[in-house]
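Asks: Protein chains in written order, with full-length UniProt numbering: chain A, 1 to 271; chain E, 1 to 271; chain S, 1 to 271; chain P, 1 to 271.
Before I ask anything, let me first share the structure, which is written out below as structure tokens.
Number of protein chains: 4
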Amino acid sequence: MRLIFLGDIVGRAGREAVQRHVPVWRESLKLDLVVVNGENASHGYGLSPGIADDLFRAGVDVITLGNHAWDRRDMIGHIERTPRIIRPLNYPPNTPGQGSHIVSLADGRRALVVNVMGRLFMDAMDDPFRTVGDLLSRHRLGMTIQAAVIDFHGEATSEKIAFGNVMDGRVSLVVGTHTHVPTADCRILPKGTAYQTDAGMCGDYDSVIGMGKDASISRFIRKMPGERPQPAEGEATVCGVMVQTDDATGLAQKMAPIRVGGLLSAQWPDF
Amino acid sequence: MRLIFLGDIVGRAGREAVQRHVPVWRESLKLDLVVVNGENASHGYGLSPGIADDLFRAGVDVITLGNHAWDRRDMIGHIERTPRIIRPLNYPPNTPGQGSHIVSLADGRRALVVNVMGRLFMDAMDDPFRTVGDLLSRHRLGMTIQAAVIDFHGEATSEKIAFGNVMDGRVSLVVGTHTHVPTADCRILPKGTAYQTDAGMCGDYDSVIGMGKDASISRFIRKMPGERPQPAEGEATVCGVMVQTDDATGLAQKMAPIRVGGLLSAQWPDF
Amino acid sequence: MRLIFLGDIVGRAGREAVQRHVPVWRESLKLDLVVVNGENASHGYGLSPGIADDLFRAGVDVITLGNHAWDRRDMIGHIERTPRIIRPLNYPPNTPGQGSHIVSLADGRRALVVNVMGRLFMDAMDDPFRTVGDLLSRHRLGMTIQAAVIDFHGEATSEKIAFGNVMDGRVSLVVGTHTHVPTADCRILPKGTAYQTDAGMCGDYDSVIGMGKDASISRFIRKMPGERPQPAEGEATVCGVMVQTDDATGLAQKMAPIRVGGLLSAQWPDF
Amino acid sequence: MRLIFLGDIVGRAGREAVQRHVPVWRESLKLDLVVVNGENASHGYGLSPGIADDLFRAGVDVITLGNHAWDRRDMIGHIERTPRIIRPLNYPPNTPGQGSHIVSLADGRRALVVNVMGRLFMDAMDDPFRTVGDLLSRHRLGMTIQAAVIDFHGEATSEKIAFGNVMDGRVSLVVGTHTHVPTADCRILPKGTAYQTDAGMCGDYDSVIGMGKDASISRFIRKMPGERPQPAEGEATVCGVMVQTDDATGLAQKMAPIRVGGLLSAQWPDF
Ligand SMILES: [Fe+2]
Ligand SMILES: [Fe+2]
Ligand SMILES: [Fe+2]
Ligand SMILES: [Fe+2]
Ligand SMILES: [Fe+2]
Ligand SMILES: [Fe+2]
Ligand SMILES: [Fe+2]
Ligand SMILES: [Fe+2]
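If you want it as structure tokens, here you go:
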């Protein structure tokens with residue numbers, strides 16, 4: 001299976017770039033699956049139903065979220081009606097929506113997509129290791145599902161890397177989100193799971209993690225609330241990873257970072 | 001001026017790789033200045049006087065530290081006698097050692113090297129923005145100093161990026177350390193300062209941020225102290241950045257990531 | 001000098017109780033000085049100019065604040081015009097308002113009041129120990145000022161107690177605020193400074209730190225934003241401390257907790 | 001049932017005072033149940049098997065722990081053999097020891113004792129609300145157990161009060177530990193559960209939360225490791241609460257704070 005995962009889409013700049021590229025890339029990269037993190041798509045804070053629809057129309061299969069899942073209150077009802085939008089799995093029981101979704105491809109293959117949140121330097125959710133372990137015990141990679149993708153939304157590199165290694169050999173891809181900066185550690189772990197600590201955001205990098213520089217800097221220097229930062233509006237870099245998996249095992253055969261447009265150095269898969 | 005900065009050296013694997021490469025690279029890359037972060041060089045916890053000497057003998061000019069600065073108690077006296085080892089500038093007044101050092105090249109040019117610590121998700125040090133601002137006001141980039149390099153030792157991408165942008169145009173390079181994962185956002189900011197959110201560690205990446213996987217993972221899953229993690233001993237990836245500056249302005253002309261050896265994709269400067 | 005300090009006033013319940021009691025107590029307790037923390041007086045979030053005026057009219061001399069200082073934006077201008085409202089001293093330079101105020105009594109005696117914020121489990125402000133130390137070095141207790149009161153707005157008991165002991169013998173009173181629960185450790189430290197880890201709030205204790213129970217509990221259990229908690233509206237307990245100082249030394253002679261009304265056990269000074 | 005709970009015993013000063021008083025109080029107060037928190041009994045860091053035995057010999061029925069549960073490695077095996085020592089219930093499954101214990105009195109009555117840890121400003125354990133809720137669903141207060149005592153080991157007042165209110169009517173007592181300072185908010189909540197935000201420590205209060213002042217203060221001011229703080233050795237104040245419950249309902253009839261000896265104002269139950 002050939003799939004891409006794109007990191008946190010921030011505001012209009014990020015959305016427009018993703019919506020422009022995904023339809024083209026589905027063809028040119030022969031993609032079976034497109035997953036994006038949408039937690040900052042709506043002006044930097046949450047995801048709106050309309051923006052989700054736009055992303056699906058552009059060819060996105062599944063949208064993941066994170067700590068900004070509920071910034072837009074209309075997502076609480078919308079996520080119940082839209083199983084292709086998932087929120088972190090390790091919210092408490094009875095949280096609206098689901099933390100995973102199975103995509104059924106036209107050819108019958110199935111891909112599990114999971115969103116889960118870290119706890120180091122973040123809010124105390126349920127244990128991501130145990131919660132995801134329980135979920136995976138209900139699926140057989142290479143049998144009931146042909147691929148499994150986990151978006152680990154977390155702050156600390158140690159926790160993300162520990163999680164990736166715990167999942168190594170059990171899923172196709174573990175990719176981090178939330179820091180809004182792509183890491184350069186893309187690789188296939190020893191037992192076959194593709195891994196990158198952070199996908200990076202899809203947004204304007206002439207910013208502070210996608211938001212206007214002045215308002216963001218002011219918070220660090222002045223320690224006062226000030227203006228609520230707004231998304232930067234320059235050209236976005238679309239950041240993520242591409243993975244090709246073996247349907248028989250569900251493990252990764254090839255992995256490469258993607259970085260297109262904007263200010264970061266370009267990266268494009270060669271497979 | 002041509003300089004490299006290498007991120008947190010972790011244990012023997014990291015040390016040996018750095019000591020092997022630096023003498024060669026000083027020649028092949030025509031380097032004027034070599035700075036490394038050594039806070040994890042001694043078995044992952046701190047820096048020892050002997051290890052510092054080894055690094056200096058290999059051609060390192062300045063060693064920076066971080067939150068692990070005092071893990072080895074013998075560093076408290078040693079740093080007072082060794083101005084080329086610097087600890088974060090924003091420790092309180094009267095902390096042993098200095099937070100910056102000026103390297104005088106054989107040809108008379110001078111380079112300021114600064115180490116400073118972030119505060120988001122870290123201990124509450126003095127304000128890094130103000131502390132570094134005060135220091136820089138005593139130097140004239142392109143006049144009294146030809147280059148200025150800042151190692152911002154921090155956890156949060158937002159704080160590091162905000163800091164980089166505040167320093168843009170005032171120093172040659174702002175590079176992050178502490179997360180032990182290289183970021184892929186290397187670039188020259190609008191006013192001429194080279195920037196990368198994290199240099200990445202110099203250590204074995206088949207690990208959790210340089211330390212043995214089992215002991216590190218156990219802490220996340222079992223929530224008990226367990227074994228103290230030891231550095232992983234496989235081949236290190238040496239990670240950092242190279243920058244070429246204009247002596248007349250002190251600003252960056254070229255910048256590139258460095259990643260050599262081990263498990264990460266290779267990167268080598270083309271200038 | 002005879003003084004009382006009352007802890008964080010929360011919403012209408014807290015305000016009305018304070019405004020009803022203070023005029024009476026100024027007489028009955030022969031008070032020279034009344035200081036209150038007002039950071040939650042405006043519906044739980046910040047202080048408004050009108051509420052501040054009401055408190056001053058009731059006989060309050062100085063209002064301190066805390067991490068909620070700027071919840072009401074109109075306080076930014078108002079604090080500049082109203083030196084009797086103070087915000088934590090350890091905000092960065094150029095923050096609106098002041099972190100201390102000297103009250104001149106009718107009889108010529110002077111009392112310094114200081115507000116400062118802790119850093120453990122809170123935002124990284126300037127060092128409270130050093131900042132207050134610098135301020136105190138400009139005054140002579142028992143000479144240029146007859147009393148000095150410090151409201152240490154902090155979360156962690158260890159930091160508050162450490163601060164109290166560092167200030168022991170240098171000020172009349174160190175009293176904590178912010179946790180909204182009175183502590184039972186009121187005492188005069190060895191060198192003469194009156195100390196209590198937290199004054200407790202002035203608000204309805206049938207609540208979660210002054211705010212409605214359902215909305216507050218929901219945040220812990222559901223981990224979703226939900227309703228913004230509103231102040232509880234039952235009868236407030238007015239909480240604080242009373243201190244009698246020796247004008248010649250500025251140190252404490254007597255100290256007692258105050259708890260009046262509402263659900264907590266009553267405490268009233270016997271001096 | 002008549003019971004006392006005493007907060008974190010710190011070092012020798014705390015131990016000796018508790019061991020001296022408990023045998024006497026069991027008689028004079030006609031106590032059916034004595035619970036103490038022992039997480040700091042061994043030189044401030046953890047509990048040793050020998051110290052636990054001493055406490056049991058003095059008449060303690062159950063010892064609770066907290067974040068220092070595993071400071072002494074020999075506790076890992078000992079807790080498995082000693083069900084009367086309990087560690088926080090919300091450690092992950094398969095953690096050594098248990099998080100609750102049922103004491104069977106000589107007259108056949110049974111009391112459930114639970115230890116659980118908060119998550120705000122602490123490590124991310126399992127959800128304390130849900131974990132304790134699940135446990136309580138297996139018992140009937142007033143039927144299968146005559147009393148239930150919960151030691152909530154936590155930092156933040158908001159989380160402790162929220163927890164107390166969620167448990168109101170379902171247990172006899174919720175009492176906090178960990179901050180080492182007694183709070184003055186002892187009361188019976190609307191549905192009959194006795195509550196106090198923190199029991200306070202049993203230790204020398206001329207200290208920083210029980211440990212030597214100089215070493216503790218130094219950490220805040222110098223931000224360097226320095227000496228490991230040792231317990232203060234002056235006379236301890238024994239701090240806790242006494243509760244009398246109705247066996248038919250398991251709810252609280254009377255509650256009072258206990259403070260005996262040392263530097264804090266004395267409090268003694270009048271029932
Ligand atoms: Fe995000
Ligand atoms: Fe996020
Ligand atoms: Fe490091
Ligand atoms: Fe570090
Ligand atoms: Fe408050
Ligand atoms: Fe506060
Ligand atoms: Fe404790
Ligand atoms: Fe504790």
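For every residue, glycine included, the Cβ atom is placed at its ideal position computed from N, Cα and C.
May I ask you to report which of helix, strand or coil DSSP gives residue 126/P?
Replies: In this structure, residue 126/P counts as coil in the three-state DSSP scheme.
Asks: Under 7 Å Cβ-Cβ, which residues of chain A neighbour residue 13/E?
Replies: Going along chain A, no residue has its Cβ under 7 Å from residue 13/E, so there is no contact; the nearest lies around 16 Å.
Asks: How would you write the range of the beta strand (DSSP E) that residue 3/P sits in, first residue to last?
Replies: Here the beta strand (DSSP E) through residue 3/P covers 2-6.
Asks: Does DSSP put residue 245/P in a helix, in a strand, or in coil?
Replies: Looking at residue 245/P - three-state DSSP - the assignment turns out to be strand.
Asks: Taking the alpha-carbon positions, what's the residue 212/P to residue 88/E distance?
Replies: About 28 Å.
Asks: Give a yes or no on contact between the region 147-155 of chain A and the region 102-117 of chain A, applying the rule of three or more CB pairs nearer than 8 Å.
Replies: Contact between the region 147-155 of chain A and the region 102-117 of chain A is present, because at least three Cβ pairs lie under 8 Å.
Asks: Do residue 184/S and residue 200/P have their beta-carbon atoms positioned less than 8 Å apart in this structure?
Replies: Yes. Within cutoff.
Asks: Pull up the distance between the alpha-carbon of residue 84/P and that of residue 178/P, whole angstroms please.
Replies: If I take the Cα positions, the gap works out to 20 Å.
Asks: Tell me which residues share the same chain as residue 253/P and place their Cβ nearer than 7 Å to its Cβ, disregarding the 5 neighbours each side in the sequence.
Replies: 244, 245 and 246, listed in sequence order.
Asks: So, is the C-beta of residue 91/A closer than 8 Å to a C-beta in chain S?
Replies: So yes, residue 91/A belongs to the interface.
Asks: Can you name, in chain order, every residue of its own chain whose Cβ lies under 6 Å from the Cβ of residue 15/A, other than the five neighbours on each side?
Replies: For residue 15/A, where only same-chain residues beyond five positions count, the Cβ hits under 6 Å are 9 and 41.
Asks: Taking 8 Å as the threshold (beta carbon to beta carbon), is residue 225/S in contact with chain A?
Replies: Yes, because at least one Cβ of chain A sits closer than 8 Å to the Cβ of residue 225/S.
Asks: Please confirm if residue 95/P has its CB atom under 8 Å from at least one CB of chain E.
Replies: Taking Cβ atoms only, chain E reaches closer than 8 Å to residue 95/P, which makes this a yes.
Asks: With a threshold of 8 Å between beta-carbons, can residue 130/E be considered close to chain S, or not?
Replies: Closer than 8 Å to some Cβ of chain S, the Cβ of residue 130/E qualifies, so yes.
Asks: Cβ-heavy atom distance between residue 176/E and ligand 2 below 7 Å?
Replies: Because no heavy atom of ligand 2 lies under 7 Å away, the Cβ of residue 176/E does not count as near it: no.
Asks: Which residues of chain E have a Cβ atom closer than 7 Å to the Cβ of residue 162/A, listed in chain order?
Replies: Result: 208, 216, 217 and 220.
Asks: Any residues in the region 153-185 of chain P with a beta carbon nearer than 8 Å to a beta carbon of chain S? Which ones, in chain order?
Replies: Residues 155, 156, 157, 158, 159, 161, 162, 163, 165, 166, 179, 180, 181, 182, 183, 184 and 185.
Asks: For residue 77/P, count neighbouring Cβ atoms within 10 angstroms of its own Cβ and tell me buried if that reaches 16, exposed if not.
Replies: The residue in question, residue 77/P, is exposed, as its Cβ has fewer than 16 Cβ neighbours within 10 Å.
Asks: Which partner residues of residue 152/A appear in the DSSP bridge assignment?
Replies: According to DSSP, which records beta bridges pairwise, residue 152/A is partnered with 116/A and 176/A.
Asks: Is the distance from the Cβ of residue 18/P to the Cβ of residue 239/P below 8 Å?
Replies: Not in contact: residue 18/P and residue 239/P (Cβ atoms no closer than 8 Å).
Asks: Applying a beta-carbon distance threshold of less than 9 Å, which residues of chain P neighbour residue 123/E?
Replies: Those within 9 Å of residue 123/E in chain P are 223.
Asks: Below 7 Å between beta carbons is the criterion; list the residues of the region 55-79 of chain S that meet it against any residue of chain A, in chain order.
Replies: Hits within the stretch, in order: 70.
Asks: List in chain order: all unbroken alpha helix (DSSP H) runs of 4+ residues lying wholly within the region 10-65 of chain P.
Replies: Listed in chain order, they are 11-28 and 49-57.
Asks: Mind listing the chain E neighbours of residue 191/A? Cutoff is C-beta to C-beta under 9 Å, in chain order.
Replies: Residues of chain E passing the Cβ test: none, with the nearest at roughly 12 Å.
Asks: How about residue 103/S and residue 47/S: are their beta carbons less than 8 Å apart?
Replies: Contact: no.
Asks: In chain order, what residues of the same chain have a beta carbon less than 7 Å from the beta carbon of residue 165/E, not counting five sequence neighbours either side?
Replies: Contacts found: 189.
Asks: Strictly below 7 Å CB to CB, what residues from chain A border residue 263/E?
Replies: Simply 187.
Asks: Quick check: does the Cβ of residue 67/S come within less than 7 Å of any heavy atom belonging to ligand 2?
Replies: For ligand 2, not one heavy atom lies less than 7 Å from the Cβ of residue 67/S.
Asks: Checking 8 Å against the spacing of the C-beta atoms, do residue 160/E and residue 176/E come in under that value?
Replies: Against a cut-off of 8 Å, the Cβ pair of residue 176/E and residue 160/E comes out as a contact.
Asks: How long is the line joining the alpha carbons of residue 135/A and residue 217/S, rounded to whole angstroms?
Replies: Answer to the nearest angstrom: the Cα atoms are 28 Å apart.
Asks: If the criterion is Cβ atoms closer than 8 Å, does the pair residue 262/P and residue 235/P meet it?
Replies: A contact, by the Cβ cut-off of 8 Å.
Asks: What's the C-alpha gap between residue 232/S and residue 115/A?
Replies: Distance between the alpha carbons of residue 232/S and residue 115/A: 37 Å.
Asks: Hey, does residue 200/E have any beta-carbon neighbour from chain A nearer than 8 Å?
Replies: Yes - at least one Cβ of chain A is within 8 Å of the one on residue 200/E.
Asks: Please name the residue in 95/P, 30/P and 38/P whose C-alpha comes closest to that of residue 224/E.
Replies: Residue 95/P is the option with its Cα nearest to residue 224/E.
Asks: Identify the residues that DSSP records as bridge partners of residue 202/E: which are they?
Replies: For residue 202/E, which the question treats as bridged, DSSP gives the partners 9/E.
Asks: With a CB to CB cut of under 8 Å and the five nearest residues on each side skipped, what residues in its chain are close to residue 54/S?
Replies: Counting only Cβ-Cβ distances below 8 Å, and skipping sequence neighbours, we find 15 and 19.
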